[in-house]
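One structure is given below, encoded as structure tokens.
2 protein chains.
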Amino acid sequence: MEAKSQTTSEKYAADIASIREAQVRINPFIHATPVLTSETLNTIAGRKLFFKCECLQKGGAFKFRGASNAIFSLDDDQAARGVVTHSSGNHAAALSLAAKLRSIPAYIVVPKNAPKCKVENVMRYGGQIIWSEATLQSREETAAKVLQETGAVLVHPYNDGRVISGQGTISLELLEQAPQIDTIIVPISGGGLISGVALGAKSINPAIRVLAAEPRGASDAAQSKAAGRILVLPETNTIADGLRASLGDLTWPVVRDLVDDIIIVDDKEIIEAMRLCYEILKVAVEPSGAIGLAAVLSNSFRENPAWKDCNHVGIILSGGNVDLGVLWDSLSK
Amino acid sequence: MEAKSQTTSEKYAADIASIREAQVRINPFIHATPVLTSETLNTIAGRKLFFKCECLQKGGAFKFRGASNAIFSLDDDQAARGVVTHSSGNHAAALSLAAKLRSIPAYIVVPKNAPKCKVENVMRYGGQIIWSEATLQSREETAAKVLQETGAVLVHPYNDGRVISGQGTISLELLEQAPQIDTIIVPISGGGLISGVALGAKSINPAIRVLAAEPRGASDAAQSKAAGRILVLPETNTIADGLRASLGDLTWPVVRDLVDDIIIVDDKEIIEAMRLCYEILKVAVEPSGAIGLAAVLSNSFRENPAWKDCNHVGIILSGGNVDLGVLWDSLSK
Chain X
1 MEAKSQTTSE KYAADIASIR EAQVRINPFI HATPVLTSET LNTIAGRKLF
51 FKCECLQKGG AFKFRGASNA IFSLDDDQAA RGVVTHSSGN HAAALSLAAK
101 LRSIPAYIVV PKNAPKCKVE NVMRYGGQII WSEATLQSRE ETAAKVLQET
151 GAVLVHPYND GRVISGQGTI SLELLEQAPQ IDTIIVPISG GGLISGVALG
201 AKSINPAIRV LAAEPRGASD AAQSKAAGRI LVLPETNTIA DGLRASLGDL
251 TWPVVRDLVD DIIIVDDKEI IEAMRLCYEI LKVAVEPSGA IGLAAVLSNS
301 FRENPAWKDC NHVGIILSGG NVDLGVLWDS LSK
Chain W
1 MEAKSQTTSE KYAADIASIR EAQVRINPFI HATPVLTSET LNTIAGRKLF
51 FKCECLQKGG AFKFRGASNA IFSLDDDQAA RGVVTHSSGN HAAALSLAAK
101 LRSIPAYIVV PKNAPKCKVE NVMRYGGQII WSEATLQSRE ETAAKVLQET
151 GAVLVHPYND GRVISGQGTI SLELLEQAPQ IDTIIVPISG GGLISGVALG
201 AKSINPAIRV LAAEPRGASD AAQSKAAGRI LVLPETNTIA DGLRASLGDL
251 TWPVVRDLVD DIIIVDDKEI IEAMRLCYEI LKVAVEPSGA IGLAAVLSNS
301 FRENPAWKDC NHVGIILSGG NVDLGVLWDS LSK
């Protein structure tokens with residue numbers, strides 16, 4: 001298993017062909033996000049960093065790529081019945097927006113305790129909110145009921161080949177914008193983003209390293225890789241609210257075979273990275289979005305001889321949806 | 001005087017030729033900043049908006065364009081003696097950075113009451129800080145003393161043809177990135193930015209409108225235009241700390257002749273625009289940087305029949321250096 005380090009055809013839920021198809025399909029709708037660089041951050045990191053700003057994507061996160069690929073892959077009959085998801089985060093907003101662009105309904109099951117700014121994003125893009133209790137059981141039951149009543153298509157936030165292919169378009173863009181990149185650091189949660197990025201990037205350049213960044217309080221992916229099977233944590237504890245999901249059966253094989261390492265960082269490092277994004281790069285990222293910068297600055301990465309020659313590092317700033325109420329309150333005083 | 005609405009050669013401190021020269025000179029050093037768009041903000045504004053993100057410029061503000069044009073215009077003998085300024089804001093950081101790139105000293109006179117984040121920016125880029133009292137008199141005297149002792153060249157933050165030409169390179173970039181633009185809204189303070197932008201843009205497309213955005217508590221430019229001469233306010237009162245300067249004798253003729261109107265906005269509107277930049281565009285701007293968005297959303301702009309057909313509006317997000325300490329304090333709790 002360890003020897004299978006290259007992408008081979010039809011092994012995984014997505015491949016370079018499905019990623020290229022996704023790019024053609026979604027390009028009319030997505031933003032080609034800019035790659036930012038900073039001499040100050042290069043100096044701090046001791047390497048050249050290339051920030052792929054998916055926080056500047058429509059809906060404020062990379063999720064719009066996968067969601068729009070899924071929605072524009074549907075045939076007209078399927079599409080007419082709409083789509084459902086029981087994620088309450090960036091995927092829900094992205095799915096609402098993509099559904100709006102195709103003029104079909106998006107039913108979003110939202111637990112009653114969901115953060116206000118995430119719910120507002122769904123509403124802004126016209127998603128139809130269906131409230132559930134906070135438990136996973138209630139969310140799944142509610143979603144099943146909506147599926148039955150509407151005949152809508154479930155679009156899972158990450159365990160879906162169309163979604164993984166959509167996220168993979170990031171690699172096509174990034175390696176065109178900064179072909180000198182030898183390493184890409186990607187936040188890991190359910191694994192949809194890193195699966196797409198790894199499949200895309202390693203098909204273009206098999207020598208490229210793909211590293212995951214994961215919070216210490218939700219390190220199920222690192223533990224899964226160590227155990228050789230998907231592990232699910234009984235609970236998670238991290239400020240990175242977008243990184244609490246567990247791997248799926250479609251993302252696990254890619255993470256197992258193609259992700260070269262997983263770098264664990266503390267919440268304190270995430271907050272410091274987030275501060276650097278605002279103060280030096282001048283982009284608004286959420287904690288989950290800043291974790292790649294936290295990883296490249298962490299001691300565990302810097303001191304690992306395996307990554308000594310990672311000289312041109314792509315960092316995916318995956319999202320920017322964060323509640324800044326405290327800031328506006330202080331300015332309005 | 002009112003009839004002279006077009007750019008004619010050698011009338012002003014800069015022209016399209018000096019702006020094009022500046023572009024060739026500074027292009028190896030500056031970031032070509034991205035232009036962002038947002039359907040959500042287009043819907044709110046009722047027009048198509050094109051955000052020129054100078055907050056993503058090196059040093060976090062457009063000031064690096066003018067500063068680097070000034071510094072790389074110096075001959076080697078002049079340059080060796082270094083540069084001086086008594087601005088403590090974004091110009092000081094930009095001048096420090098440009099001087100560092102030419103390996104010459106930058107002497108920055110900073111009043112003792114300057115905001116911490118601005119001083120940190122100067123120090124980050126290697127500027128040599130010389131403290132003065134908070135009064136303009138003390139700042140000017142201290143700068144004069146440094147000039148005398150070092151033989152360094154004074155680089156004024158805006159009343160300088162080289163600086164104006166550098167800022168004008170924004171128009172060359174912007175109109176290449178978004179040629180459909182029919183209107184540009186620019187923050188106004190000392191007038192260096194808007195002079196460069198107006199001279200550049202109106203030379204390329206004489207029909208383009210250039211509008212200034214100014215805070216109600218520092219509306220000296222609007223009052224100056226109404227009076228037909230430079231007026232200096234006895235005091236200013238606005239959250240937009242970068243917009244408190246008065247026009248200079250080199251910027252005033254351009255503002256008088258080429259700026260089509262000045263839109264006055266309240267601090268409350270500036271904070272709301274800043275919030276939209278963070279929450280929708282996902283870029284970190286300072287209050288002065290967000291004022292263009294505040295202007296396009298203001299009632300005085302929307303209800304003015306003269307601007308009814310401003311359908312494609314370029315907005316210069318001029319800078320992103322703001323103290324977000326309250327945000328990090330709240331996240332670290």
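Line order of the protein sequences matches chains X and W. In terms of my numbering, the first sequence opens at residue 1 and continues consecutively. In terms of my numbering, the second sequence opens at residue 1 and continues consecutively. Cβ atoms here follow ideal geometry from the backbone N, Cα and C, with glycine treated the same way.
Nearest CB-CB separation between residue 183/W and chain X: not below the 8 Å threshold. Along the length of the stretch 174-210 of chain X, whole alpha helix (DSSP H) runs at least 4 residues long occupy 192-204, reported in chain order.
Between residue 242/W and residue 189/W, the CB-CB gap stays under 8 Å. Going by C-alpha positions, residue 31/W is about 18 Å away from residue 276/X. Taking a C-beta distance under 8 Å as the contact criterion, residue 258/X and residue 199/X qualify as a contact pair.
Going by DSSP, residue 223/W is part of the alpha helix (DSSP H) stretching over 220-227.
By the rule that beta-carbons nearer than 8 Å mark a contact, residue 259/W does not touch chain X. Closer than 8 Å to the CB of residue 40/X there is at least one CB belonging to chain W. The alpha-carbon separation between residue 63/W and residue 311/W amounts to approximately 28 Å. Only 40, 55 and 56 from the stretch 40-56 of chain W bring a Cβ to less than 7 Å from some Cβ of chain X. Residue 115/X has a beta carbon lying at 8 Å or more from every beta carbon in chain W. Taking the beta carbon of residue 275/W as reference, the chain X residues within 9 Å of it are 324, 327, 328 and 331, listed in sequence order. For residue 214/W, the secondary structure class from DSSP, reduced to helix, strand or coil, is strand.
By the Cβ rule, the stretch 154-167 of chain W counts as touching the stretch 57-77 of chain W, because three or more pairs are nearer than 8 Å. Contact annotation: the stretch 112-131 of chain W does not touch the stretch 209-219 of chain W, with fewer than three C-beta pairs closer than 8 Å.
Counting C-beta pairs with one atom in each stretch, the stretch 40-54 of chain X and the stretch 84-93 of chain X have fewer than three that are closer than 8 Å, which means they do not touch. When Cβ-Cβ separations below 8 Å define contact, residue 11/X makes no contact with chain W. In chain X, no part has a C-beta under 7 Å from the C-beta of residue 105/W; the shortest such distance is about 19 Å. Cβ proximity to chain X below 7 Å picks out 320 from the stretch 294-321 of chain W. For the set 142/W, 91/W, 106/W and 94/W, the Cα lying nearest the Cα of residue 112/W is the one of 142/W.
One thing to note: residue 256/X has its Cβ no nearer than 8 Å to the Cβ of residue 218/X. Rounded to the nearest whole angstrom, the CA to CA distance from residue 47/W to residue 292/W is 14 Å. At a cut-off of 8 Å between beta-carbon atoms, residue 284/W makes contact with chain X. For a cut-off of 8 Å, the C-beta gap from residue 179/X to residue 12/X is around 24 Å, too long to register as a contact.
Using a Cβ-Cβ cut-off of 8 Å, residue 279/W counts as an interface residue toward chain X, since at least one Cβ of chain X sits closer than that to its own. Taking C-beta atoms as the reference points, residue 191/W and residue 251/W count as a pair closer than 8 Å. Secondary structure within the stretch 238-296 of chain W: the beta strand (DSSP E) runs of 3 or more consecutive residues, fully enclosed, are 261-265 (chain order). Membership of residue 110/X in the beta strand (DSSP E) is indicated by the continuous run 106-111.
As DSSP reads the structure, residue 128/W sits in a beta bridge with 107/W.
Residue pairing by DSSP places residue 316/W opposite 52/W in a beta bridge. Residues of the stretch 20-37 of chain X with a Cβ closer than 7 Å to any Cβ of chain W, in chain order: 34 and 36. The beta carbons of residue 132/X and residue 110/X sit closer together than 8 Å. Counting the other CB atoms within 10 Å of its CB gives residue 148/W a total below 16, which places it among the exposed residues. In the structure shown, the three-state DSSP call for residue 134/X is coil. Annotation: the continuous beta strand (DSSP E) that includes residue 84/W extends over 83-85.
Residue 197/X places its beta carbon less than 8 Å from that of residue 184/X.
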